[in-house]
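Take a look at the structure set out below.
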Amino acid sequence: MEAGIHELTAGYALDALDPDERRAYEAHLAGCERCQQELASFWESTEALAVAASGPAPSPALRERILADVRTEPPQNVVPLESRRRRTVPVLAAVAAVAAVVALALGTWATSMSSDLDETRDALARERAAAAIVADPTSRTVEMAPGAGRLVVGVDGQAALVLPDLGEAPAGKTYQAWVIEDGNPISAGTFPGEYGTDVVLLDGDVAEGEVVAVTLEKAGGAKTPSLPPVVESDPV
Amino acid sequence: MRRHHAHLSDEALVALVARGDEDALAELYDRVGRVAYGLALRVLRDERHAEDAVQEAFLQVWRSAATFRAERAKASTWILTLVHRRAVDLVRREERRQADPLTDDSAAGVGREETDEAAWLRFERERVQAALKQLPDVQREALELAYYGGFSQSELAERLGVPLGTIKSRMFAGLARLRELLDDSTQEGSWKPEFTS
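The structure is reproduced here in structure tokens:
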């Protein structure tokens, strides 16, 4: 049976299993690293098959329908970035089972970015790490002021900033994040700022009672923050 | 119009979606929606049904983004997997399956004023189609009937009059070979445009 179930990977990637086989395979997949890796590899091929089928763009009305759906969705289905959260929050109320299984199965492979520069790869890795903290419903969310920014702190103290509308730093300048511990600021890295929302991974951990601030500094960053900060968090 | 989240990776967008950011979902749709719709249309052969499948899949993305392993996975694959699953479930329910061979004129609707992204998609599509043509006929047939036609392995075995084990190994070999061919053609130096220009 074990050997038999491994052979279902290609059929699963193509959605070509019968319903009972699909269920059996998904149950097996959760604990089988070999199948997870093989499936991830096969999914690269099926994604290519999807691209090969591409044709005319969908009607603009479809985009509107999807966004309208989302707006009417009951809010308990997502963990909003709005409010302060304790370390333990209930598991998401309504998680689509299929999506969960698929997401789990996708787990074990890193996208290959062979042609990218190391710098780009490093930036992407940092953004992914920040994304993981932000996506984790057990992370705490702390407000930043002024504006609608948030500091998101993972259970292990790793933290990310989500800053809408900070904007690009002026020429010759950079944003710099600081973790302030008992009034003592420690640099948590620099970032250029973007049009739109910044998702920034902080260097170092953030602990209970500490504050995170962002200042505008000369390109390359500063040893001590220039006051006043552009945004500052409540104490964690 | 500048897109508010245009600089973020797909994975960061999924993380924001998990926190209820509608703009992030809109940006994901803008990136993946066209391929998603083409795929659903290919399977379902009906614009209305294809739109429904894409709509339902994006609602699933909205609901379950927090379960996605953002640090290790590719978001587009996840979304397309949800779209395909939905389309196949619909097509099996409605018994509306067909499986014509893939034709090159599926791009007919690509506009005259082609955007960089549409050009990139066309380039990628041609690259994959060229790779598909290099597969042995029986492997290509197994992949196309399953993925575009929505046939299960056991249905295919019956339809083609070959043992189930043969179908399984054709699918396995076909997917593995396709991936190799695509890796090779990437290394031969495909271009990838900068969308920011």
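Line order of the protein sequences matches chains L and U.
Using the working numbering, read the first sequence as starting at 1 and increasing by one per residue.
Using the working numbering, read the second sequence as starting at 1001 and increasing by one per residue.
Note that CB positions come from ideal geometry on N, CA and C, so glycine has one too.
Backbone secondary structure at residue i - three-state DSSP
| i | result |
| --- | --- |
| Val1061(U) | helix |
| Gly1174(U) | helix |
| Ala188(L) | strand |
| Arg150(L) | strand |
| Glu1094(U) | helix |
| Ala173(L) | Reading the sequence as shown, one finds Lys at residue 173(L) and not Ala. Correct three-state label for Lys173(L): strand. |
| Ala160(L) | strand |
| Glu1011(U) | helix |
| Thr215(L) | strand |
| Val70(L) | helix |
| Thr46(L) | helix |
| Asp198(L) | strand |
| Ala1162(U) | The question names Ala, but residue 1162(U) is Val in the sequence shown. Here Val1162(U) sits in coil by DSSP. |
| Glu210(L) | coil |
| Glu1047(U) | helix |
| Ser233(L) | strand |
| Ala61(L) | helix |
| Val1032(U) | helix |
| Arg140(L) | strand |
| Val155(L) | coil |
| Glu7(L) | coil |
| Glu168(L) | coil |
| Ala16(L) | coil |
| Ala131(L) | helix |
| Ala1146(U) | helix |
Cutoff 7 angstroms: residue i Cβ touching any chain L Cβ
| i | result |
| --- | --- |
| Thr1077(U) | yes |
| Gly1038(U) | yes |
| Arg1045(U) | no |
| Leu1090(U) | no |
| Pro1193(U) | Low per-residue confidence applies at Pro1193(U): pLDDT is 47, beneath 50, and the placement is therefore not dependable enough to give any value. |
| Val1032(U) | no |
| Gln1134(U) | no |
| Leu1121(U) | yes |
| Leu1028(U) | no |
Among the options, the one whose alpha carbon lies nearest that of residue i
| i | options | result |
| --- | --- | --- |
| Pro1136(U) | Met1171(U), Ala1050(U), Asp1089(U) | Met1171(U) |
| Glu210(L) | Ile186(L), Glu64(L), Asp198(L) | Ile186(L) |
| Phe1123(U) | Tyr1147(U), Ala1024(U), Ser1185(U), Asp1089(U) | Ser1185(U) |
| Thr141(L) | Ala160(L), Ala129(L), Ala27(L) | Ala160(L) |
| Val1091(U) | Val1128(U), Gly1150(U), His1007(U) | Gly1150(U) |
| Gly204(L) | Leu8(L), Ile180(L), Leu166(L) | Ile180(L) |
| Leu1080(U) | Ala1012(U), Ala1173(U), Phe1058(U) | Phe1058(U) |
| Cys32(L) | Pro58(L), Thr9(L), Thr174(L) | Thr9(L) |
| Ala61(L) | Gln1055(U), Trp1062(U), Ser1152(U) | Gln1055(U) |
| Ala1118(U) | Tyr1147(U), Lys1074(U), Asp1010(U), Asp1030(U) | Asp1030(U) |
| Val200(L) | Thr190(L), Val206(L), Asp18(L), Gly183(L) | Thr190(L) |
| Ser1009(U) | Glu44(L), Val70(L), Ala131(L) | Ala131(L) |
| Val1032(U) | Arg1069(U), Ala1015(U), Ala1075(U), Ala1050(U) | Ala1075(U) |
| Ala1130(U) | His28(L), Ala53(L), Val153(L) | Ala53(L) |
| Gly55(L) | Ala1053(U), Thr1067(U), Ala1036(U) | Ala1036(U) |
| Cys35(L) | Ala219(L), Tyr12(L), Ser139(L), Pro19(L) | Tyr12(L) |
Proximity test, Cβ basis, 7 angstroms: residue i and chain U
| i | result |
| --- | --- |
| Glu64(L) | no |
| Asp15(L) | yes |
| Phe42(L) | yes |
| Leu67(L) | yes |
| Pro60(L) | no |
| Val214(L) | no |
| Glu7(L) | yes |
| Gly11(L) | yes |
Chain-ordered chain L contacts of residue i [CB-CB under 7 angstroms]
| i | result |
| --- | --- |
| Thr1166(U) | Result: empty, since nearest Cβ-Cβ is about 12 angstroms, beyond 7 angstroms. |
| Arg1179(U) | Ser41, Glu44, Ser45 |
| Arg1042(U) | Ala53 |
Beta-carbon neighbours of residue i, restricted to chain U and to distances below 8 angstroms
| i | result |
| --- | --- |
| Ser226(L) | Those within 8 angstroms of Ser226(L) in chain U number zero; the least Cβ separation is about 25 angstroms. |
| Val199(L) | Leu1008, Ala1012, Ala1015, Leu1016 |
Chain-ordered neighbours of residue i on chain L, where CB pairs are closer than 9 angstroms
| i | result |
| --- | --- |
| Glu1124(U) | Ala48, Val51, Ala52, Ser54 |
| Arg1140(U) | Chain L residues near Arg1140(U): none, gap ~10 angstroms exceeds 9 angstroms. |
Amino acids of chain L, ordered along the chain, whose beta-carbon sits closer than 8 angstroms to that of residue i
| i | result |
| --- | --- |
| Glu1011(U) | Glu127, Arg128, Ala131 |
| Glu1022(U) | Leu67, Val70, Arg71 |
Under 7 angstroms by beta carbon: chain U residues contacting residue i
| i | result |
| --- | --- |
| Leu124(L) | Ser1009 |
| Asp20(L) | Correct list: empty, because the minimum Cβ distance to chain U is about 11 angstroms. |
| Glu194(L) | His1007 |
Chain U contact residues for residue i, given Cβ-Cβ distances below 9 angstroms
| i | result |
| --- | --- |
| Ala24(L) | The contacting residues do not exist; Ala24(L) stays about 13 angstroms from chain U at best. |
Heavy atom of the ligand SAH within 6 angstroms of residue i beta-carbon
| i | result |
| --- | --- |
| Thr1067(U) | Here there are no bound small molecules, and the ligand SAH is not part of this structure. |
Could you please tell me which residues of the region 1048-1072 of chain U, in chain order, have their CB closer than 8 angstroms to any CB of chain L? Ala1050, Glu1051, Val1054, Gln1055, Phe1058, Leu1059, Gln1060, Val1061, Trp1062, Arg1063, Ser1064, Ala1065, Ala1066, Thr1067, Phe1068, Arg1069, Ala1070, Glu1071, Arg1072
Please identify, using Cβ separations under 9 angstroms, the residues of the region 127-156 of chain L that lie next to chain U, in order along the chain. Glu127, Arg128, Ala129, Ala130, Ala131, Ala132, Ile133, Val134, Ala135, Asp136, Pro137, Thr141, Arg150, Val152
Members of the region 164-179 of chain L that neighbour chain U once the beta carbon cut-off is set at 9 angstroms: Pro164, Asp165
Listed in chain order, which residues of the region 1146-1165 of chain U have Cβ atoms closer than 8 angstroms to some Cβ of chain L? Ala1146, Tyr1147, Tyr1148, Gly1150, Phe1151, Ser1152, Gln1153, Ser1154, Leu1156
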